[in-house]
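This report refers to the structure that appears directly beneath it.
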Amino acid sequence: MATTYYTEDHEWIRVEGGVATVGITDYAQEQLGDLVFVELPEAGRKVAKGDVAVVVESVKAASDVYAPADGEIVEANTALSSDPALVNSSPAGDGWLWKMKLSDDSQLTGLMNEAGYKAMIG
Amino acid sequence: MAAIAAACVRSGEVMTDGSTRTLPLDDLHRSAGARFGAFAGWSMPLTYPAGVMKEHLHTREQAGLFDISHMKLFEVSGPDAAALLSKACPLDANGLEVSQSKLTFFLNDQAGILDDLIVTRLGADRFMVVANAGNAAADEAHLRNLAKGLDCKVDLLDRVFLAIQGPEAWAVLSRAGIETGSLTFMHGIEPRQNWFMSRSGYTGEDGFEIGLPEADARALVEKLLADERVMWIGLAARDSLRLEAGLCLHGQDITPETDPASAALMWAIPKDLRAAGAFIGAEALREIAARGPAEKRVGLKPEGRQPVRAGAQLFDENGNPAGRVTSGGFGPSVGHPVAMGYVSSGLAKPGTKLFADVRGTKIAVDTHPLPFTQHRYRKG
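Taken in order, these protein sequences are the chains called A and H. Just add 1202 to wherever you are in the first sequence, counting from 1, and you've got the numbering used here. Just add 3 to wherever you are in the second sequence, counting from 1, and you've got the numbering used here.
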């Protein structure tokens, strides 16, 4: 059974068996507008909580997406190289950004659940 | 995602912060579902629910309606009006025919560009000046200062300012009861009392800019939006449209630190004025033109999909500094990233291979002719 967490930076993290899939929320993609490029990490890269893991670029601006916890990137969503707009059309599905193996999944315990996130964005 | 959080905070501030000015038609943009952002001290619609990509393409295919009321209209009138403008701008104001418009500038003594403006002759001694939002207050002070001792006055007009741009712009205006047939590109008239309408724009497309009283504007907007070919277009698409069209944004692509020769805008200055004009900045501009500008504004086409944005530094093939990007983003009509910037004059030839530093990665970019999309002006 997967557990989904949300950050104040408008990311979602779905954790299953020690591996986290990370993406941005529907609210975030709407704020950013049409994405035209996603700078993806390479598998094997080690990241610390707060590192920039991905940069998403809209027509107007580039925005950083941070690693929500320490770990190692195991896969990036390479479908976004040819179709970055997947993040707009399916932010919680086909538009996921990367998967990472968590070093310590207790780092996620302070994060919000879906209800908490929805309350935050109002 | 700090940038998204910041954007949310900013839009929140815009709604409550009294120092950000609200457009007269703000309620219409809100009911159209606009997302707002601050620009030049104004709370401006950035995008509507269709999104920047669709808004951009719609403007090139049909007709886009823009609220550009942050820009300012000045009327300069009186026996010395032409003399004032010919001093303030590299412009032969007396040589303009009635209804003729010209792109021109306010320059400083070093020929730096204080603002870019469109001046239209309305009558024998009356001119309309359209100025950029961020510079409007400084422009007004500058004009009033230069007008001291001259027999002319400067009136800041209280108008809503709309742009309707795209290949169907003339047809939708016609359906709304406004005939444009005799008006050609870079001409402006006063079709009704307190209206100013010019065939001009900031998209590279055929189109019109109309300054008019608020009540008239509300009636016109309602008629225009009833036409299925028309949709509201936000500031985000206005920026991508003008960038594809190779048009400069003051404050980014042209500033008080850049001059018309470096900015590749000398075409806007008549030859005889370049040689012998007495406008402010004339001597400095002649010196720059005589020795050749050290750098030139060029188009830049990044290879691949990654946008290269304002502020990115440029390097030549040997890694030596070559210039900087002043505007950059994605061009929805051309389907690839587009940018412009300044490069050392020796590297300005189209096709020169350069590299832009984007977050530590070198992205290959070619200097590219401007515009990226051909202008489709109705020159008559």
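Ideal Cβ positions, reconstructed from N, Cα and C, are used throughout, including at glycine.
Check: Any chain A beta carbon closer than 7 Å to S243 of chain H; Outcome: yes
Check: Residue from H:G237, H:A281, H:D112 and H:T329 with nearest C-alpha to Q249 of chain H; Outcome: Correcting the residue identity first, residue 249 of chain H is Gly in this sequence and not Gln. Checked all of H:G237, H:A281, H:D112 and H:T329; the closest Cα to G249 of chain H is H:T329.
Check: Within-7 Å CB hit, K1176 of chain A to chain H; Outcome: Because chain A in this structure spans residues 1203 to 1324, residue 1176 of chain A falls outside the shown range and cannot be described.
Check: Neighbourhood of A5 of chain H by C-beta distance below 6 Å, restricted to the same chain and skipping five residues each side; Outcome: With a pLDDT of only 45 at A5 of chain H, under 50, the local geometry of the prediction cannot be trusted, and the value read off the model is given with reservation. Around A5 of chain H: no qualifying Cβ.
Check: Distance between beta carbons of A174 of chain H and W45 of chain H, contact taken as under 8 Å; Outcome: With a Cβ gap of about 30 Å, W45 of chain H and A174 of chain H do not count as contacting.
Check: Contact test: L87 of chain H Cβ vs the ligand ZN heavy atom, cutoff 6 Å; Outcome: The ligand ZN is absent from the structure shown, which contains no ligands of any kind.
Check: T1205 of chain A versus N1290 of chain A: straight-line alpha-carbon distance, rounded; Outcome: 23 Å
Check: Collapsed DSSP secondary structure at D369 of chain H in the structure displayed; Outcome: strand
Check: Alpha carbon of R379 of chain H to alpha carbon of Y205 of chain H, nearest angstrom; Outcome: 12 Å
Check: Contact check, D1296 of chain A vs L1288 of chain A, beta carbons under 7 Å; Outcome: yes
Check: In DSSP terms, what G237 of chain H is bridged to; Outcome: Beta-bridge pairing links G237 of chain H to no other residue.
Check: Separation of M1314 of chain A from T1209 of chain A, as counted between CA atoms; Outcome: 6 Å
Check: Whole-number beta carbon distance between G344 of chain H and V301 of chain H, since they are thought to touch under 8 Å; Outcome: 7 Å
Check: Buried or exposed (CB count within 10 angstroms, at least 16 for buried), K356 of chain H; Outcome: exposed
Check: Three-state secondary structure assigned by DSSP to D242 of chain H; Outcome: helix
Check: Sub-7 Å separation of L223 of chain H and W198 of chain H beta-carbons; Outcome: no
Check: Start and end residues, alpha helix (DSSP H) containing G1318 of chain A; Outcome: E1316 to I1323
Check: I1323 of chain A classed as buried or exposed, judged by whether at least 16 other C-beta atoms fall within 10 angstroms; Outcome: exposed
Check: Closer than 7 Å to chain A by CB, Q377 of chain H; Outcome: no
Check: Option in H:I213, H:A293, H:A172 and H:R147 with minimal Cα separation from H61 of chain H; Outcome: H:A172
Check: Touch test, the region 106–120 of chain H against the region 86–98 of chain H, Cβ-Cβ under 8 Å, three pairs minimum; Outcome: yes
Check: Residue burial classification, G40 of chain H (beta-carbon count within 10 angstroms, cutoff 16); Outcome: buried
Check: Same chain only: Cβ atoms within 8 Å of A1281 of chain A, ignoring 5 sequence neighbours per side; Outcome: L1288 and D1296
Check: Minimum C-alpha distance to L120 of chain H - residue among H:P263, H:S243 and H:P324; Outcome: H:P263
Check: Best match in H:T23, H:A315, H:I283 and H:I257 for proximity to T364 of chain H [C-alpha to C-alpha]; Outcome: H:A315
Check: Burial state of A134 of chain H, where buried means 16 or more other Cβ atoms lie within 10 Å; Outcome: buried
Check: Beta bridge counterpart(s) of V1254 of chain A as assigned by DSSP; Outcome: A:Y1268
Check: Cβ-based neighbour list, H32 of chain H, same chain, cut-off 6 Å, excluding 5 preceding and 5 following; Outcome: P48
Check: Among H:E306, H:A313, H:G307 and H:A267, nearest to I291 of chain H - alpha-carbon criterion; Outcome: H:A267
Check: Distance between L244 of chain H and R1216 of chain A (C-alpha atoms, nearest Å); Outcome: 38 Å
Check: Proximity of H73 of chain H and A43 of chain H at Cβ, strictly below 7 Å; Outcome: yes
Check: Contacts of D1296 of chain A in chain H (Cβ-Cβ under 8 Å); Outcome: By Cβ distance, chain H contributes nothing, its closest Cβ being about 18 Å from D1296 of chain A, past 8 Å.
Check: Proximal residues, the region 1245–1273 of chain A versus chain B, C-beta separation under 9 Å; Outcome: In the displayed structure, chain B is absent; the protein chains listed are A and H.
Check: Close-in-space but distant-in-sequence residues of the same chain around A271 of chain H (CB under 8 Å, 5 per side omitted); Outcome: P93, K105, L106, T107, F108 and P263
Check: Any C-beta of chain A under 7 Å from that of R308 of chain H; Outcome: yes
Check: Coil, strand or helix - K1303 of chain A by DSSP; Outcome: strand
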